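Protein chains: 2
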Amino acid sequence: MKVKQIVLSSRPKGMPTKDQFRTETFTLPALQDGEVLTKALYFSVDPYMRGRMNDAKSYVAPYKVDEPIVGGGIGKIIETRSSGFQKDDLVQGFFPWATESVHKATTVQKIDTELAPAPYYLGILGMPGLTAYFGLLYIGKPKQGETVVISGAAGAVGIVVGQIAKLKGCRVVGIAGSDEKIKMLKDEFDFHEVINYKATSDMRKEIKDACPNDVDVYFDNVGGSISDAVIANINFHARIVLCGQIALYNSTEVPTGPRLQPMLLTRSALMQGFIVSNFKDHFSEGMEQLSQWVKEKKLKYEETIIEGFDKLPEAFLGLFSGKNKGKMILKV
Amino acid sequence: MKVKQIVLSSRPKGMPTKDQFRTETFTLPALQDGEVLTKALYFSVDPYMRGRMNDAKSYVAPYKVDEPIVGGGIGKIIETRSSGFQKDDLVQGFFPWATESVHKATTVQKIDTELAPAPYYLGILGMPGLTAYFGLLYIGKPKQGETVVISGAAGAVGIVVGQIAKLKGCRVVGIAGSDEKIKMLKDEFDFHEVINYKATSDMRKEIKDACPNDVDVYFDNVGGSISDAVIANINFHARIVLCGQIALYNSTEVPTGPRLQPMLLTRSALMQGFIVSNFKDHFSEGMEQLSQWVKEKKLKYEETIIEGFDKLPEAFLGLFSGKNKGKMILKV
Numbered sequence: 014m015k016v017k018q019i020v021l022s023s024r025p026k027g028m029p030t031k032d033q034f035r036t037e038t039f040t041l042p043a044l045q046d047g048e049v050l051t052k053a054l055y056f057s058v059d060p061y062m063r064g065r066m067n068d069a070k071s072y073v074a075p076y077k078v079d080e081p082i083v084g085g086g087i088g089k090i091i092e093t094r095s096s097g098f099q100k101d102d103l104v105q106g107f108f109p110w111a112t113e114s115v116h117k118a119t120t121v122q123k124i125d126t127e128l129a130p131a132p133y134y135l136g137i138l139g140m141p142g143l144t145a146y147f148g149l150l151y152i153g154k155p156k157q158g159e160t161v162v163i164s165g166a167a168g169a170v171g172i173v174v175g176q177i178a179k180l181k182g183c184r185v186v187g188i189a190g191s192d193e194k195i196k197m198l199k200d201e202f203d204f205h206e207v208i209n210y211k212a213t214s215d216m217r218k219e220i221k222d223a224c225p226n227d228v229d230v231y232f233d234n235v236g237g238s239i240s241d242a243v244i245a246n247i248n249f250h251a252r253i254v255l256c257g258q259i260a261l262y263n264s265t266e267v268p269t270g271p272r273l274q275p276m277l278l279t280r281s282a283l284m285q286g287f288i289v290s291n292f293k294d295h296f297s298e299g300m301e302q303l304s305q306w307v308k309e310k311k312l313k314y315e316e317t318i319i320e321g322f323d324k325l326p327e328a329f330l331g332l333f334s335g336k337n338k339g340k341m342i343l344k345v
Numbered sequence: 014m015k016v017k018q019i020v021l022s023s024r025p026k027g028m029p030t031k032d033q034f035r036t037e038t039f040t041l042p043a044l045q046d047g048e049v050l051t052k053a054l055y056f057s058v059d060p061y062m063r064g065r066m067n068d069a070k071s072y073v074a075p076y077k078v079d080e081p082i083v084g085g086g087i088g089k090i091i092e093t094r095s096s097g098f099q100k101d102d103l104v105q106g107f108f109p110w111a112t113e114s115v116h117k118a119t120t121v122q123k124i125d126t127e128l129a130p131a132p133y134y135l136g137i138l139g140m141p142g143l144t145a146y147f148g149l150l151y152i153g154k155p156k157q158g159e160t161v162v163i164s165g166a167a168g169a170v171g172i173v174v175g176q177i178a179k180l181k182g183c184r185v186v187g188i189a190g191s192d193e194k195i196k197m198l199k200d201e202f203d204f205h206e207v208i209n210y211k212a213t214s215d216m217r218k219e220i221k222d223a224c225p226n227d228v229d230v231y232f233d234n235v236g237g238s239i240s241d242a243v244i245a246n247i248n249f250h251a252r253i254v255l256c257g258q259i260a261l262y263n264s265t266e267v268p269t270g271p272r273l274q275p276m277l278l279t280r281s282a283l284m285q286g287f288i289v290s291n292f293k294d295h296f297s298e299g300m301e302q303l304s305q306w307v308k309e310k311k312l313k314y315e316e317t318i319i320e321g322f323d324k325l326p327e328a329f330l331g332l333f334s335g336k337n338k339g340k341m342i343l344k345v
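Those protein sequence lines, which keep their order, are chains G and W. As numbered in the numbering used here, residues 14 to 345 make up the first sequence, in order. As numbered in the numbering used here, residues 14 to 345 make up the second sequence, in order.
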């Protein structure tokens, strides 16, 4: 079977462009016992994938040049040689950027579209939702009445973090980069305070005004000078959850900034980097709780859906110019 | 009773000098019920005291101008109006820089000079020892076979951290700033590797060579570019214990350096600032364990003793030019 796939044509230096991707035709191998063949329906594009385009030590192996990009995806089974799956089952897993693909049956999971629409399993009920859940609750450990600040608040992870923090009785302050996102956070997600970092000349003061009792938990998706402004306002025993640093992913030189250690030291504060798979032993707990909240309508979700397999690179690149409200999804 | 005392005459900008201190005569108030009068025997001078000379939010209140400097001290009771103490008892506590001083009996503790010499209670069996114990074991959580790197390794806290890490079966790498200190760490304290940061042009490579399996725990007393070099070599799930930042205490501008968040993020690493009093509920456990190790001769100690009450400012200022091997003590 001939399929269309998108490979990494070269490693980017700095901000990636469409030149880093190449579409080609590929012949799938015959299905083996224990495998399933899927037709791709949805792909997840996520900021962490930028890191895999570099040839550097990180928590996931780098993509290989001339091989397909791989990311979260949802597909429909069109052929199965595994007793665990039937034709037409919808499954999620790590999918190569290809119109059809072959998977070991043990690497995909069925999804329940009665509970939530399919793309939710790439967002609030997938990696971003679990990232929000574990990062906030296991590292941030917010207590009732505390102030939680979120950068990249209108992104796939940020909007879940904010809602969970509200469920825990916290004051929630969101930072985002457009009036449209700010309006969404305020009107649809009821954040207590919102700051458009592109519309202020003094972030440090904006944070101070929005957080009269200082910042107890900072959930950081962004990094850079936004984080400097937040960290200048942390409280004693603050927890800084490092989830993403999208402002820095495309840096070609080592970015510099104010040294943070004196602030962390004088505030007895914690800063912890993580990746969701650190918590894999707790995934079932996380999924159960998130599903429960979705079912009870305590958690809402927001997606930006771009259509057309060929637009995968465009959807991915859009993450770095803030094109998405909520989760960026590519619908095939 | 007239006593000599040393007050803060003005707040320093940058590196403090002797001009920040003034010696004066002071008349002690009459002893009240529940109080003891002590003659000072030893004073502890510690890097954290630099922070208290600033008028800034921190974990301890700033010193007041024209009032005595206060720090750890040991005194002999020369008059008591508390049934808990007798004349000639040796006690430790927070002492003003004065030849004699009055204390509420509840704020001083008797010391046991059978177990260890008096100055030990300002060092290995005092605040620095507890700082090493809790910072390393409660935040650093070293596991057998892991690599522990210590900056300011020849200081009051560093030499205890290194020995405890060795007791826990770790590979211990110490960084210090003179050949004499390096020799002491190697010959007297049996550190596995030692690095004189003043004698190398490429700290990053020195750390890499000394830590073939990367750095699992970094116990940081120093900050600045030494820390940059260590953090460039951290392992996945590394723990960075922020105990001191002596390289930065006298900065007059916000120091800048490479942003650490990308490294912490891609390594799922933790950075935690602390002060020993965060662990006050566990002090008795810490003291018991440290005393036990001292008794069993599993922990040794090193002191630099300067004599003469009037030399208190000089002893304190010497901390910032690395004059001390081990704990800096002023003997009255």
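The beta-carbon is built from N, C-alpha and C at its ideal position, and this holds for glycine as well. Owing to the predicted nature of the structure, the values given are computational and were not obtained by experimental measurement.
Taking the Cα positions, R35 (chain W) is about 49 Å away from Q258 (chain G). Taking a beta-carbon distance threshold of 8 Å, Y72 (chain G) counts as an interface residue toward chain W. Taken atom to atom, the span from the alpha-carbon of V207 (chain W) to that of G331 (chain G) is near 48 Å. Annotation: the continuous beta strand (DSSP E) that includes M341 (chain G) extends over 340-344. Taking D192 (chain W) as reference, the option from W:V307, W:G270, W:G158, W:A212 with the minimal CA-CA separation is W:A212. G86 (chain G) and D59 (chain G) have their C-alpha atoms roughly 11 Å apart. Contacts between P75 (chain W) and chain G, judged by CB atoms closer than 7 Å, are missing: the closest CB pair is about 12 Å apart. Beta-bridge annotation (DSSP): V235 (chain G) is not paired with any residue. Per the Cβ contact rule, the region 241-261 of chain W is not in contact with the region 235-245 of chain G (fewer than 3 Cβ pairs under 8 Å). Not flagged as an interface residue toward chain G: S57 (chain W), since no C-beta distance is shorter than 8 Å. CA-to-CA, the gap between G168 (chain W) and A131 (chain W) works out to about 19 Å. Under the criterion of beta carbons closer than 8 Å, I137 (chain G) and L303 (chain G) qualify as touching, at roughly 6 Å. For the region 209-233 of chain G, residues whose beta-carbon sits nearer than 8 Å to a beta-carbon of chain W comprise D233. Relative to the Cα of H205 (chain W), the nearest Cα in the group W:E219, W:K196, W:R184 belongs to W:R184.
With respect to chain G, the C-beta atom of P109 (chain W) has no partner C-beta closer than 8 Å.
The beta carbon of V73 (chain G) lies closer than 7 Å to those of R65 in the same chain, with the five residues before and after it left out.
Between the alpha carbons of N226 (chain W) and N248 (chain W) lies a gap of roughly 8 Å. Looking at the DSSP output, R35 (chain W) sits in a beta bridge with W:V20. Bridge pairing for F56 (chain G): G:G86, G:L343 [DSSP]. Assignment of beta strand (DSSP E) within the region 176-241 of chain G, counting only whole runs of 3 or more residues, yields 184-189, 206-209, 228-233 in chain order. Per DSSP, R252 (chain W) lies in no alpha helix (DSSP H); the unbroken beta strand (DSSP E) holding it starts and ends at 247-255.
Against chain G, the beta carbon of A282 (chain W) has neighbours under 7 Å at G286, listed in chain order. S238 (chain W) and T38 (chain G) have their C-alpha atoms some 50 Å from each other. Residues of the same chain with a CB within less than 7 Å of the CB of P81 (chain W), apart from the 5 flanking positions on each side, are Q18, I19, V20, P109, W110, A111 in chain order. Collapsing the DSSP output to three states places S264 (chain W) in coil.
Proximity of chain W to V267 (chain G) at the Cβ level (cut-off 8 Å) is accounted for by P271, R272, in chain order. For T160 (chain G), no Cβ of chain W is located within less than 8 Å of the residue's own Cβ. G97 (chain G) places its beta carbon 8 Å or farther from that of A53 (chain G). Apart from the 5 residues on each side of it in sequence, F296 (chain G) sits with its Cβ closer than 8 Å to the Cβ of L143 in its chain, given in chain order. Put simply, the backbone Cα of K313 (chain W) is about 13 Å away from that of K338 (chain W).
Less than 8 Å divides the Cβ of G106 (chain W) from the Cβ of Q122 (chain W). In the structure shown, E298 (chain G) falls within a helical segment according to DSSP collapsed to helix, strand and coil.
Under the Cβ distance rule, S238 (chain W) does not count among the residues neighbouring chain G, no pair being separated by less than 8 Å.
Taking a beta-carbon distance threshold of 8 Å, N337 (chain W) does not count as an interface residue toward chain G.
Cβ-Cβ distances below 6 Å link S164 (chain W) to I188, D233, N234, V235, I239 in the same chain, with the five nearest sequence neighbours on each side left out; the list follows chain order.
Secondary structure at P155 (chain W): coil, using DSSP grouped into helix, strand and coil.
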